[in-house]
DNA sequence: TTGGAAAGTCAACAAGGCTGACATAAACTG
DNA sequence: CAGTTTATGTCAGCCTTGTTGACTTTCCAA
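Chains as they are written, first to last, in the working numbering: chain G, 1 to 171; chain E, 1001 to 1171.
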C-alpha cells in the first residue's frame, strides 16, 4: 500500500498516533467544549436584551463587510432568507442596521451598521476577543497557527472560500 | 512593566502580531465556519430521523462514559434537566438508551447505550471522525497539538476539567 | 425520622431553525 | 416589448431545543 500523498504527511510511518480514534474523539470533544466557551461571553451580554446569537452573527458580518447584500449574508450564514429576514427586520426597526437600496442594482439592499449597531458590535466582539486573546496568548503563536490550520481544514470548501476571501482577496 | 509571565509567552517583544484585533477576528470566524463543518455530517444523518443535535450529544457522552448518571450528563452538556429529560425520554422509549436504577444509590439512573444506540452512535461519530481525521491528516501533528492547546485555553475552567478528566483521570 | 438531594413530570413559553406560497420590483433575454 | 429570472420581503405554520416554575416521588444520610 505504500505511503500515500506525502505532500502533507511528511511524517507517514513515523507517528500517526495523532490519528487514532481516541485522539479524534478528543478533538471532537475539544471542539464541543471550546465552542461553548467561545459563545458564552457574547451570549451573556445578549441575554439581557431582545437579541440572540443570530443577531450577533448578522451584526458581526455586516460590521466585517459594510455594504454587504442580503444574498451575501445568506451565503455566509447558511440560513434561509426567512430566518435571516426576521433577524434583520428587528435590527433595522431598532435602528442598529441601515438597509440602503443599491445604486447599480436597485433590487439589492446594502447593509450597514448604524452608530448604535456599531456600539453593540463592539461590546459583543470585545467580549469574544477578550477570551480569544487570552487563549491565543496562553497558547503562543505556533499553537495559534496550528489552530487555524486545523480549523481551515475542517471547513466545507465553500465556507473556506468565504473565510479566506476576507484578508486574502479584495480591497 | 517588564515581561509578564514568561512561561507561555517566551516571545514577548518579538511578535505579538498574532494578537492583533484583526488576527483575533480571523480566529473568531475560523471557529464559526469550522464549527459549521464540524456539525454538518452528523446533522445530515440525523435530519432523516426523528433526532437532532441534542440527541447526538447525549448519545456521544453516554457512549464515552457508560453508566454515567443523569446529573453527570447535565453537568457536561450544560442544559436544564427538563431539556435533557425530553431527549433521554425519546431515546429510552425508542430503545437506544437503557436507564438502570442505581444499585448503591437507587435515586440515580445509570445510562447505557443499547445495541441499537451503539449503532447510531457509531454512524454519527464515524461521519464526524472522518472529517476530523481528514483535517488532522492535512494539518499534521504539530498543527493538531496547537489546535488542541488553543481550544483548551478557550474553555471555561469547569468544562476544561470535564474535558481533561477523560484520559487524564479515572479508569 | 426528617431534611434535602436526585430524579422525573407537566405546562408554558421563546429563539431560531425550517418549508411553502406568494408579492414586488428590477434586471436580463430573446 | 414580452417573458423570465433574480433579489428581496412577507405571511403562515411547523420543529427542535433551549428556558422557567411548580410539583411529586424516592430514598440517602444525619
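Virtual Cβ for every residue (Gly too), placed ideally from N, Cα, C.
All figures in this text were calculated on a predicted structure; none of them were measured in a lab.
> Nearest-angstrom Cα distance between residue 1159 of chain E and residue 1071 of chain E?
Replying inline: 15 Å
> Given a limit of 7 Å on CB to CB distance, which residues of the stretch 1066 to 1093 of chain E reach chain G?
Replying inline: If the cut-off is 7 Å between Cβ atoms, the stretch 1066 to 1093 of chain E has 1078 near chain G.
> Among E:1101, E:1128 and E:1073, which has the Cα closest to the Cα of residue 1045 of chain E?
Replying inline: E:1128
> Can you pull the DSSP bridge partners for residue 1172 of chain E?
Replying inline: There is simply no residue 1172 of chain E to check, as chain E begins at 1001 and stops at 1171 in what is shown.
>> Taking 9 Å as the threshold (C-beta atoms), are residue 1092 of chain E and residue 135 of chain G in contact?
In response: no
>> My output table needs one value for residue 80 of chain G: the three-state DSSP class, helix, strand or coil.
In response: Residue 80 of chain G sits in coil when the DSSP states are folded into three classes, being neither helix nor strand.
> To which residues does DSSP link residue 69 of chain G through a beta bridge?
Replying inline: G:110
> Mind listing which residues of the stretch 129 to 149 of chain G have their C-beta closer than 8 Å to chain E's C-betas, in chain order?
Replying inline: 129, 131, 132, 133, 134, 135, 136, 137, 138, 139, 140, 141, 142, 143, 144, 145, 146, 147, 148 and 149
> Is the shortest distance between the beta-carbon of residue 1166 of chain E and the beta-carbons of chain G less than 9 Å?
Replying inline: yes
> Between the Cα of residue 1162 of chain E and the Cα atoms of E:1077, E:1086 and E:1090, which residue gives the shortest distance?
Replying inline: E:1077
>> Against chain E, does residue 34 of chain G count as a neighbour if the rule is that its beta carbon must be under 9 Å from one of theirs?
In response: yes
> Three or more C-beta pairs closer than 8 Å, one from the stretch 1097 to 1111 of chain E and one from the stretch 1028 to 1047 of chain E: is that the case here?
Replying inline: no
> Whose Cβ in chain E lies nearer than 9 Å to the Cβ of residue 163 of chain G?
Replying inline: 1026, 1029, 1030, 1032, 1033 and 1034
> Taking Cβ-Cβ distances shorter than 8 Å, what residues in chain G pair up with residue 1105 of chain E?
Replying inline: Those do not exist, as residue 1105 of chain E stays about 27 Å from chain G at its closest Cβ, beyond 8 Å.
>> Starting from residue 63 of chain G, trace the alpha helix (DSSP H) in both directions and tell me its first and last residue.
In response: 53 to 64
> With burial defined as no fewer than 16 other Cβ atoms inside 10 Å of the residue's Cβ, what is the status of residue 1067 of chain E: buried or exposed?
Replying inline: exposed
> By DSSP, does residue 37 of chain G sit in helix, in strand, or in coil?
Replying inline: helix
> Would you call the CB atoms of residue 131 of chain G and residue 1154 of chain E closer than 9 Å?
Replying inline: In contact: residue 131 of chain G and residue 1154 of chain E (Cβ atoms closer than 9 Å).
> So is residue 1017 of chain E buried or exposed if we call it buried at 16+ other beta carbons inside 10 Å?
Replying inline: exposed
>> Does the CB of residue 1037 of chain E have a neighbour CB from chain G at under 9 Å?
In response: Yes, residue 1037 of chain E lies at the interface with chain G (some Cβ there is under 9 Å from its Cβ).
>> Which same chain residues end up closer than 8 Å to residue 1061 of chain E when comparing Cβ atoms and leaving out the 5 residues on each side of it in sequence?
In response: 1068, 1073, 1076 and 1077
> Who are the Cβ neighbours of residue 1039 of chain E in its own chain at under 7 Å, not counting the five residues just before and after it?
Replying inline: These residues qualify, in order along the chain: 1053.
> List, in order along the chain, the chain E residues whose C-beta lies closer than 9 Å to that of residue 156 of chain G?
Replying inline: Going along chain E in sequence order, the residues near residue 156 of chain G (Cβ under 9 Å) are 1033, 1036, 1037 and 1040.
>> In this structure, how does DSSP classify residue 15 of chain G when only helix, strand and coil are distinguished?
In response: coil
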